[in-house]
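J.:
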Amino acid sequence: MTRLPFKLVISDPETGKAIQYELDEAKTNYLVGKHTGEVVEGDALGLPGYKLKITGGSDSSGFPIRPDVHGSGRKKALVRGPPGFRPTKHGQAKRKTVRGRDLSSAISQVNVRIEQKGSKPLEELVMKTA
18 MTRLPFKLVI SDPETGKAIQ YELDEAKTNY LVGKHTGEVV EGDALGLPGY
68 KLKITGGSDS SGFPIRPDVH GSGRKKALVR GPPGFRPTKH GQAKRKTVRG
118 RDLSSAISQV NVRIEQKGSK PLEELVMKTA
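Going by the working numbering, the first residue of the sequence shown is number 18, and it counts up by one from there.
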């Protein structure tokens, strides 16, 4: 089975902007096994000097990653709020299919936030490698 590369969505909290960046297979393999909330080195992803925190993502079918669900597979969990469910009434809960917090080869999009900036601007690094 050929796997599709991860699409990395990098959010910059200072500017409020997000940049999409497609990873090659070697960089994708670096992220497999990591979990939501973990801080990763940007050097391994082609972003020298950057530190990135994994904040979420989704699989190829669109099921969101929930940081409170262990494992990497899909599970039917009783959820009371985002990600995966937005309640319309106070106290509302619903059983939804979500994906566990561990990144696996079934993930298609990973959301990260910049924790520490490198010496070069992010736009320059992404445009150069894309």
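No residue lacks a Cβ here, since even glycine has one placed at the ideal position from N, Cα and C.
Note that the structure is a prediction, hence the values are computed from the model and not measured.
Between which two residues does the beta strand (DSSP E) containing A38 stretch?
T.: As a first step, residue 38 must be located in the sequence shown, where it is residue number 21. The question names Ala, yet the displayed sequence has Tyr at residue 38. Segment 34–39, the beta strand (DSSP E) holding Y38.
J.: I'd like to know whether the C-beta atoms of Y67 and V143 end up nearer to each other than 7 angstroms.
T.: Here residue 67 corresponds to residue number 50 of the sequence shown, with the count starting at 1. Here residue 143 corresponds to residue number 126 of the sequence shown, with the count starting at 1. Cβ distance not < 7 angstroms, so Y67 and V143 don't count as in contact.
J.: Could you check the C-alpha separation between D41 and F80 for me, to the nearest Å?
T.: Numbered from 1 along the sequence shown, position 24 holds the residue referred to as residue 41. Numbered from 1 along the sequence shown, position 63 holds the residue referred to as residue 80. Approximately 22 angstroms between the Cα atoms of the pair.
J.: Anyone know if the C-beta pair for L120 and K51 falls short of 7 angstroms?
T.: Against the sequence shown, residue 120 aligns to sequence position 103. Against the sequence shown, residue 51 aligns to sequence position 34. Yes, they are a contact pair.
J.: Report the three-state DSSP secondary structure of T105 (helix, strand or coil).
T.: Here residue 105 refers to the residue found at position 88 when the sequence shown is read from its first residue. Note: T105 maps to coil in three-state DSSP.
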